[in-house]
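Everything below concerns the one structure shown next.
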Amino acid sequence: MTGLGDMAATPFFWMAAVLIGIAVVLLLWPLRRRAVAAEAEVEGELSIYRDQLDEIERDRGIGRIGEEEARAARLEVERRMLAAMDRARAAPRRSPPLRIALVAAAVGAPALALFIYADLGRPGLPDQPIAARVPASVPPGEAGEMAARAEALAERLKRDGGSFEDWWLLGQSLAFLERYAEAARAFGRAADANPDDPRVRGVYGETLVRAAGGRVTPDAEMAFRAVLEARPDDPRARYYVGLAAAQTEHFDEALDIWQGLYRDSPADAPWLAAVRQGLVDMASVLGRDPAEIVPEPSPGELARSEALPDPTPPAAGDLDELRARLETAPRDFEGWLALARGLASRGDEAGARAAIARVKEVYAGAPFVQQQIAKAEAALGLGSAAADAGGGRGPSADDVRAAQEMSPEEQKEMIAGMVGSLAARLEDEPQDLQGWLMLMRSYGVLGDAQAASDAYERARGHFAGDAGALAQLERQARVSGLLR
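Be aware that the sequence shown starts at 584, since it is given in the numbering used here, and climbs by one per residue.
Structure (structure tokens):
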């Protein structure tokens, strides 16, 4: 042990005394303004983080980043927000008693340290390596850290109620942890604290749906309808209100909502595929042809498809998967053109012609669409050859213009003539699988179930040894109602 008298005789004592004095002055001088500065700094940080979260949501909404990238980015921002809020709670307050206590601590702590060191310290001990003084530490995982901070925030909110930002942050943290029921309660409190922001109400409703395993609960539907009162064009609210109608078997209402959303959506909307699939599923439930339910492409989709550069030729397996999907959900304008381009790029001109003919058939009553198909057909170098083949592969541009001036009976007669030409061609080219599929669909359009069934049986005979072809024929037969 070392006494104060012994310490005073060492250079260490005087150096320590000077440094302690400087430290005390530096500590007390900014004390008056520290609380205000700390609060302003933390609030500035939180404002930046909130802007970052909004930007992440915007980027995710327009498809600039994927769901996983958005999730990771939000997780990091949320972690920083929680840390900033912890610092804010730990910051000194501007109260006279606390200032007095801090002054006393600032002055008393050095004195206490000197007395303790005088009793226990060893000023003559040589320096030790840093590795021997600093224990190794491993930071906890981000998920565990966020869970701990979320729990701490939840406990604080139970005591003091909290602000909108507090509840919003808690809800997002719990949602990232996939604790959706708790997250929904937090988002509900946030929505109550900020009733003028429909986006918050929409997030609350969507989290309720996740907590219910995909079911739109009455509370969730109420939240989405509240969003639509403020923002009638909100795509998320429109989708979920339509889903609520479908889940309660109000199918006509669901169809009306989703068809409207599909028509109003931009071509690159990230939710468009989900809406299209919902319509296809609805058609299956109702036993109706998806082509009758899925709206024709909007001008935005058509313009986008026309402006798209030629993609890298896809693999054969990808084309088979795309073809199978289009057989189930044929009202996909861009899908058919992509299939035609892919087949043409692989040298399968017959397959490309069949894809063009099929998309013409699907959109036979949409002249503007037919014009875009004709442009794609010409770009692939298929237009003139198709005309030379005798018209069995789909209507030409002249056919479309002529059809617009025909009566319904004349149009049906024209289609029947084209179907007859296709059937005649298949007698000479029986290995054209796409032709047989088209013939079966065409008889379905004409309402001739017997002819469609006969075509199916003949095609099965031609492809008896081809399991893949038989599977496609059977799939089309089921879609056409020939098989149950």
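Glycine included, each C-beta is placed from N, C-alpha and C at the ideal position.
Query: Residues in the same chain with beta-carbon distance under 6 Å from residue 923, minus the five sequence neighbours each way, listed in chain order, please.; Result: 935, 938, 939
Query: Would you mind sorting residue 1027 into buried or exposed? The rule is 16 or more other CB atoms within 10 Å of its CB.; Result: buried
Query: What's the gap between the Cα of residue 1022 and the Cα of residue 1045?; Result: 14 Å
Query: Quick check on DSSP: helix, strand or coil for residue 1102?; Result: Since the displayed the chain opens at 584 and closes at 1067, residue 1102 lies outside it and no answer follows.
Query: Which residue comes first and which comes last in the alpha helix (DSSP H) that contains residue 939?; Result: 932-945
Query: Compare the C-alpha of residue 794 against each of 808, 832, 754 and name the closest.; Result: 754
Query: Can you tell me which of the three DSSP states residue 816 falls into?; Result: coil
Query: What does the Cβ neighbour count give for residue 784, buried or exposed, with the cut at 16 atoms within 10 Å?; Result: buried
Query: For residue 710, which of helix, strand or coil comes out of DSSP?; Result: With a pLDDT of 43 at residue 710, under the threshold of 50, the modelled position of this residue cannot be trusted; read the value that follows with caution. Note: residue 710 maps to coil in three-state DSSP.
Query: Around the C-beta of residue 943, are 16 or more other C-beta atoms found within 10 angstroms, so that it is buried, or is it exposed?; Result: buried
Query: Of the choices 852, 749, 925, whose alpha-carbon is the least far from that of residue 768?; Result: 749
Query: Determine, using beta carbons only, whether residue 806 and residue 822 come nearer to each other than 8 Å.; Result: no
Query: How about residue 665 and residue 742: are their beta carbons less than 8 Å apart?; Result: no
Query: Using a 10 Å radius around the Cβ and a threshold of 16 neighbouring Cβ atoms, would you call residue 1015 buried or exposed?; Result: buried
Query: Tell me which same chain residues have a C-beta within less than 8 Å of the C-beta of residue 963, skipping the five on either side of it?; Result: 923, 924, 927, 935, 939
Query: Could you tell me the alpha carbon to alpha carbon distance between residue 638 and residue 845, rounded to whole angstroms?; Result: 25 Å
Query: Taking buried to mean at least 16 other C-beta atoms within 10 Å of its own C-beta, is residue 758 buried or exposed?; Result: buried
Query: Output yes or no for whether 8 Å exceeds the beta carbon distance between residue 813 and residue 849.; Result: no
Query: Tell me where the alpha helix (DSSP H) around residue 756 begins and ends.; Result: 747-759
Query: So, is residue 1025 buried or exposed, given that buried needs 16 or more other C-beta atoms within 10 angstroms?; Result: buried
Query: May I ask you to report which of helix, strand or coil DSSP gives residue 1064?; Result: coil
Query: Mapping DSSP to helix, strand and coil, what is residue 648?; Result: coil
Query: Does the Cβ-Cβ distance between residue 809 and residue 791 come in under 8 Å?; Result: no
Query: On a Cα-Cα basis, can you pick out the residue from 933, 797, 816 that is closest to residue 533?; Result: Coverage of the chain is limited to positions 584 through 1067, which leaves residue 533 absent and any answer about it impossible.
Query: Does the beta-carbon of residue 834 have 16 or more other beta-carbons within 10 angstroms, so that it is buried, or is it exposed?; Result: exposed
Query: Please classify residue 756: is it buried, with 16 or more other beta-carbons within 10 angstroms of its beta-carbon, or exposed?; Result: buried
Query: In whole angstroms, give me the CA-to-CA distance for residue 747 and residue 830.; Result: 32 Å
Query: Do residue 1065 and residue 1036 have their CB atoms nearer than 8 Å?; Result: yes
Query: Assuming residue 1055 and residue 1029 form a contact by the criterion Cβ under 8 Å, report the distance between their Cβ atoms to the nearest whole angstrom.; Result: About 21 Å separates the two Cβ atoms, so there is no contact after all.
Query: Which same chain residues, not among the five before or five after residue 869, have their C-beta less than 7 Å away from its C-beta?; Result: 834
Query: Return helix, strand or coil for residue 912, following the three-state DSSP convention.; Result: coil
Query: Starting from the N-terminal side, write out each stretch of the alpha helix (DSSP H) that is 4 residues or longer and does not extend beyond the region 759-818.; Result: 763-776, 781-794, 801-813
Query: Distance check for residue 649 and residue 641, CA to CA, integer angstroms please.; Result: 11 Å
Query: For residue 752 and residue 836, which I take to be in contact (beta-carbon distance under 8 Å), what is that distance rounded to the nearest angstrom?; Result: Between residue 836 and residue 752 the Cβ distance is about 36 Å, and since that is not below 8 Å, they are no contact.
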